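Asks: Would you mind keeping the following structure in view while I ask a few things?
There are 2 protein chains.
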Amino acid sequence: MPTDVVDHFIAAIERRDLEHALTHLTDDCEYDNVPMGKVVGRDAVRATLGPFMAGFEEIVWTVTHQVSSGNLDQGVVMNERLDRFRAGDRWLELPVAGLFVVRHGQIALWRDYFDRDQLLQQMASFA
Amino acid sequence: MPTDVVDHFIAAIERRDLEHALTHLTDDCEYDNVPMGKVVGRDAVRATLGPFMAGFEEIVWTVTHQVSSGNLDQGVVMNERLDRFRAGDRWLELPVAGLFVVRHGQIALWRDYFDRDQLLQQMASFA
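Protein chains in written order, with our numbering: chain A, 1131 to 1257; chain V, 1131 to 1257.
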C-alpha cells in the first residue's frame, strides 16, 4: 500500500527524526506548501523542515482521514490531518490536507494545503 | 465507487446547476470551508454557494488527483482541485484539497482546505 510509506514518514516526523523521515523521500522530491511555495530535493526539505521542527519539543500529526490509489511502485495518497507542535506548554495547531505521490517506495511529491495566516499568526505568537 | 457521487456533484457545479448539485448532498450535509467556517444543511449550502456562484459566468473545477476508499454506501473521497470561476474575461483561481464523506449515495460531509487570503484577495479585486 502507498499509505505505508506515508505512515512511516509521519511516524518519523512525530519522533522528530528528520533524517529518517527524509529517507522516505526521493532525491528530487517536490515539497509544496501550497500557499507559501515549494522546494525541490531532499536537502531543501531538510533546510525547510529542520529549523521549524527544532523549535518544538513534541510533534503530533493526527490523521483523521487517509485514502489512496495504486501501490508502492506508483501510488497516490491523500490525507486530512491536524498537525500539532508543542513548545513548552503551548501547542501550535494547523488543519492540513496533504497529497503524496509515491514512486518506487518513496514520496516524490508532497503537497500540503492549509491556511497561511493560520500558520503565520500562531508562529508569530510563539516568537 | 464513492467517487461517482463526487464526480456528479462537481459536474453539476460546473453546469452552474446548483439545485441539481444539492440533490447529491444529504439533508444534514456539513459544508466546511476550513479557514472560513462551516454551515450545516442543504439550505445553508444553497445560501452559501448560490450568491457566490451567481457572480460568475463559467465554472471549471479541474481535479488533478482523486482517491477514495469504501463504496457509495459508506465511503471517503479526497481530491486535489484547481477551482476556477470566470467573470467577464477574468478568472478567479483557487487551489483546493477537498474531503467528501459519502453515506448511502450522498455527500454527508464536504470539507475544503485552501488559503483564505488567496480567495479573499481575488474576490476583492473582482468587486
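We put the CB at the ideal spot given by N, CA and C, even for glycine. Note that this is a predicted model, so its numbers are computed, not measured.
Could you work out which residue in R1176/A, H1138/A and A1257/A is closest to A1217/A when comparing CA atoms only?
Replies: Checked all of R1176/A, H1138/A and A1257/A; the closest Cα to A1217/A is A1257/A.
Asks: Quick one: give me the first and last residue of the beta strand (DSSP E) that V1164/A is part of.
Replies: Counting along the chain, V1164/A falls outside any beta strand (DSSP E), and DSSP gives it neither H nor E.
Asks: Using a beta-carbon distance below 8 Å, is V1175/A in contact with chain V?
Replies: Chain V, which has no Cβ nearer than 8 Å to the Cβ of V1175/A, makes this no.
Asks: How many Å lie between G1185/A and W1191/A at the Cα?
Replies: Taking the straight line from one Cα to the other gives about 16 Å.
Asks: In chain order, what residues of the stretch 1161-1189 of chain A put their CB closer than 7 Å to some CB of chain V?
Replies: Result list: V1164 and P1165.
Asks: Mind checking T1153/V: buried by the 16 CB within 10 Å criterion, or exposed?
Replies: Looking at its Cβ environment, which holds fewer than 16 other Cβ atoms inside 10 Å, T1153/V is exposed.
Asks: At 4 residues or longer, what runs of the alpha helix (DSSP H) sit wholly inside the stretch 1132-1212 of chain A?
Replies: Taking only runs of at least 4 residues, the alpha helix (DSSP H) segments lying wholly in the stretch 1132-1212 of chain A are 1132-1144, 1148-1152 and 1172-1184.
Asks: Count the other CB atoms, across all protein chains shown, that sit within 10 Å of the CB of D1213/V; report buried if there are 16 or more and exposed otherwise.
Replies: By the neighbour-count rule (16 or more Cβ atoms within 10 Å), D1213/V is buried.
Asks: Our contact map puts V1232/A next to V1207/A with C-beta atoms below 8 Å; I'd like the distance itself, whole angstroms only.
Replies: Right, their Cβ atoms sit about 7 Å apart.
Asks: Near T1156/A, what residues of its chain come up, given a Cβ to Cβ distance below 6 Å and the 5 sequence neighbours on each side ignored?
Replies: Excluding positions up to five away in sequence, the list reads Q1236 and A1238.
Asks: Can the beta-carbon of V1164/A be found closer than 8 Å to that of P1181/V?
Replies: Not closer than 8 Å, so no.
Asks: According to DSSP, simplified to helix, strand and coil, what is F1230/A?
Replies: Three-state result, F1230/A: strand.
Asks: Give the straight-line distance between the Cα atoms of H1150/A and E1144/A, rounded to the nearest whole angstrom.
Replies: Rounded to the nearest angstrom, the two C-alpha atoms are 11 Å apart.
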